[in-house]
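**Student:**
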Amino acid sequence: MIRLVDVRKSFGEKEIIHGVNLTVNDGETLAIIGGSGSGKSTLLKLMIGLIPPTSGEIWVGDRNIAGMEEEELDEVRLHMGMVFQYSALFDSMTVGDNVAFGLREHTSLSESEIQKVVAEKLELVGLPGAENMMPTSLSGGMKKRVSLARAIAFGPEIIFYDEPSSGLDPIMTMKIDELIMNTQKALNVTSVVVTHDMHSACRIADRIAMVAAGELVACEPVEKFRQLKDERVREFLTAAHIV
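For reference, each letter of the sequence shown is one residue, going 57 to 299 in our numbering.
#1: Taking C-alpha atoms, which residue in Asp225, Gly185, Ile170, Asp218 lies nearest to Gly196?
#2: If you compare alpha carbons, which of Val250, Arg259, His255 is closest to Ala265?
#3: Going by C-alpha to C-alpha distance, which of Ile208, Thr98, Ser97 sits closest to Arg133?
#4: Could you have a look at Glu271 and say whether DSSP puts it in helix, strand or coil?
#5: Grab me the residues of Arg181's own chain with a C-beta within less than 7 Å of its C-beta, minus the 5 sequence neighbours each way, in chain order.
#6: Between the alpha carbons of Gly152 and Asn188, how many angstroms are there, rounded?
#7: Distance check for Gly75 and Val278, CA to CA, integer angstroms please.
#8: Tell me, to the nearest whole angstrom, how far the beta carbon of Asn81 is from that of Met57; I am working on the premise that it is less than 8 Å.
#9: Counting C-beta neighbours from all protein chains within 10 Å, is the total for Asn238 16 or more, i.e. buried, or is it exposed?
#10: Taking C-beta to C-beta, are Glu84 and Asp262 nearer than 7 Å?
#11: Taking the beta strand (DSSP E) that His135 belongs to, which residues open and close that run?
#12: Report back the beta-carbon spacing between Gly95 and Gly270 to the nearest angstrom; my notes put them in contact at under 8 Å.
#13: Nearest to Ile215 by CA position, among Gly185, Gln240, Val63, Thr192, is which residue?
#14: Report the rounded CA-to-CA distance for Arg160 versus Ile89, giving the unit in angstroms.
#15: Count the other CB atoms within 10 Å of the CB of Ile107; is the residue buried (16 or more) or exposed (fewer)?
#16: Mark Glu126 as exposed unless 16 or more other C-beta atoms lie within 10 angstroms of its C-beta, in which case mark it buried.
#17: Assuming Thr294 contacts Ser256 (C-beta within less than 8 Å), just tell me the rounded distance between them.
#18: Go through the stretch 111 to 189 residue by residue and report every complete run of the beta strand (DSSP E) that reaches 3 residues or more, in order.
#19: Please classify Lys280 as buried or exposed, where buried requires at least 16 other C-beta atoms within 10 Å of its C-beta.
Given below as structure tokens:
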């Protein structure tokens, strides 16, 4: 579904991503972990096409998005959903209008059809009947659910999650993890989850990729990843009390 070939990214004289080769398989959940400043968020932005690589190829399906014009990229992004770290909801809009926003902007669906999609997606994320609520009245976990409903409204093939458990307590983190897994199964999508939460990564992922100082350290199925001897991996696992 996604393939990075010798991808490098520099900002000015400083190279942030160093020759990363990575494949995300169709229908899998890949967790990308790493500490602050490791380059994992930059990698996510590259995959979505928010920033272009300095060199290398980024394939989404059968299209290389590296060097694409914005208009072409917008076509590719219609097959992607994005759940932002801080939900990025429009506070002045109702929950229903937030979920419907992209459908109104980019489709020719009638308003009744849009309302049907909104209701379906809110039910899927466990918020049936929440259309008329305002984001300011929602808890952090509920905002994440609305953000996911908005991301899946289009019926995307790929969903990207940027630190989905950031700012949530352990119980709500587990609920969001369950939501990610249930969404993947219900919609048969490919999921890429950027997180620093090792416990969450082990729960939700088919494979875990670790980025450190802009390099891809490892990419393995969860159980194999937990057995790796690389010092950077061991340090991350030990800090999370997963040994």
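All residues carry an ideal CB built from backbone N, CA and C; glycine is no exception.
**Tutor:** Straight from the coordinates:
#1: Asp225
#2: For Ala265, the nearest C-alpha among the options comes from Val250.
#3: Ile208
#4: strand
#5: According to the sequence shown, residue 181 is Val rather than Arg. The residues are Arg201, Leu204, Ala205, Leu235.
#6: 6 Å
#7: 23 Å
#8: The Cβ separation is near 7 Å, so the contact holds.
#9: Its Cβ having fewer than 16 others within 10 Å, Asn238 is exposed.
#10: yes
#11: No beta strand (DSSP E) holds His135; DSSP gives it neither H nor E.
#12: 4 Å
#13: It is Gln240 whose Cα lies nearest to the Cα of Ile215.
#14: 34 Å
#15: exposed
#16: Glu126 should be labelled exposed.
#17: The Cβ separation is near 17 Å, so there is no contact.
#18: 111 to 116, 136 to 139
#19: exposed
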